[in-house]
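**Q** Please read through the structure below; I'll follow up with questions.
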Amino acid sequence: MAAGCAVVIGTSALETAAKARLAELAKTGRIVWAPNMSVGVNLLFHLVGEVAAKLADYDIEIVEMHHNLKKDAPSGTAVRLGEVAAAARRLEYEKAVRHGRAGMVGARTKEEIGMHAVRGGDVVGEHTVIFATGGERLELTHKASSRDTFACGALRAVRFLSAAPAGKLYDMQDVLGLR
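Heads up: the sequence shown begins at 1 in the working numbering, then just goes up one per residue.
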């Protein structure tokens, strides 16, 4: 960054201190950081926020599936989907999220966001956010069948940064003009 280079970072595995450091560096540099570089997933983030706010009385469940070698669960993308849904409903993510269910867990509350991780085969990544109420449900799904999609998103971020001013830590919502 000292040489004036722009930086694109696509990982969900950043600790709070690292995110704070990126925000500090972005004050004088040009940085895009996103937990997922897929254009489709980033549009999904936007749509989930809109739908969660509009369908405030619907239950929310998030189901994600990845290949059998993925080590973390839930995925960073699934966590971000939960954070977006929680924020749209003015809920605290950590209090709202329920990871899986087993046994006598009691009735579901309206403030609950269910989170389910599935692992198997060679699935690159699938994320579904379910909005359910009596008599109907809406499912928003993104399926990545190739890792090339992440590279295409990263290239869009590079093009965006070529004209973006320093002073802000950008994300894919900025790159896609969604805010």
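C-beta: ideal position from N, C-alpha, C; glycine also.
On a predicted model such as this, the values are computed, not experimentally measured, just so you know.
1. What is the rounded straight-line gap between the Cα of residue 125 and the Cα of residue 165?
2. Does DSSP classify residue 172 as helix, strand or coil?
3. Thinking just about the alpha-carbon of each residue, which of 4, 36, 41 is nearest to the one in residue 29?
4. For residue 80, is the classification buried or exposed, using 16 other Cβ atoms within 10 angstroms of its Cβ as the cut-off for buried?
5. Is there contact here, the segment 143-160 with the segment 93-105, by at least three beta-carbon pairs under 8 Å?
6. Nearest CA to the CA of residue 85: which residue from 68, 74, 54?
7. So the candidates are 89, 20, 140; which of them puts its Cα closest to the Cα of residue 129?
8. So who's on the other strand from residue 131, going by DSSP bridges?
9. Under the criterion of a Cβ to heavy atom distance below 7 Å, does residue 171 qualify as lining the ligand ADP?
10. Where does residue 143 fall in DSSP's three states?
11. What does a CB cutoff of less than 6 Å around residue 138 pick up in its chain, not counting 5 residues either side in sequence?
12. Measuring alpha carbon to alpha carbon, tell me which of 68, 93, 157, 72 ends up nearest residue 33.
**A** The short version:
1. Sequence index remark: in the sequence shown, residue 125 carries index 125 (1-based). Sequence index remark: in the sequence shown, residue 165 carries index 165 (1-based). Looking at the two C-alpha atoms, the distance is approximately 33 Å.
2. Taking the sequence shown and counting its residues from 1, the one referred to as residue 172 is at position 172. The answer is helix: DSSP assigns residue 172 an H, G or I state.
3. Here the question's residue 29 lines up with position 29 in the sequence shown. Looking at the Cα atoms, 4 is the closest of the given residues.
4. Along the sequence shown, one-based indexing puts residue 80 at 80. With at least 16 other beta carbons inside 10 angstroms of its own, residue 80 counts as buried.
5. Contact between the segment 143-160 and the segment 93-105 is not established, with fewer than three Cβ pairs separated by less than 8 Å.
6. Within the sequence shown, the letter at position 85 stands for residue 85. The candidate whose alpha carbon is nearest that of residue 85 is 54.
7. Counted from its first residue, the sequence shown places residue 129 at position 129. The option with the nearest alpha carbon to residue 129 is 140.
8. By 1-based counting over the sequence shown, the position of residue 131 is 131. Residue 131 pairs with 60, 138.
9. Ligands in the displayed structure: none, and consequently the ligand ADP is not present.
10. For the purposes of this step, residue 143 is taken as the residue at position 143 of the sequence shown. In the structure shown, residue 143 sits in a strand (DSSP, three-state: E or B).
11. On the sequence shown, residue 138 is found 138 positions in, with the first residue counted as 1. These residues qualify, in order along the chain: 131.
12. For the purposes of this step, residue 33 is taken as the residue at position 33 of the sequence shown. For the options 68, 93, 157, 72, the alpha carbon positioned closest to that of residue 33 is the one of 157.
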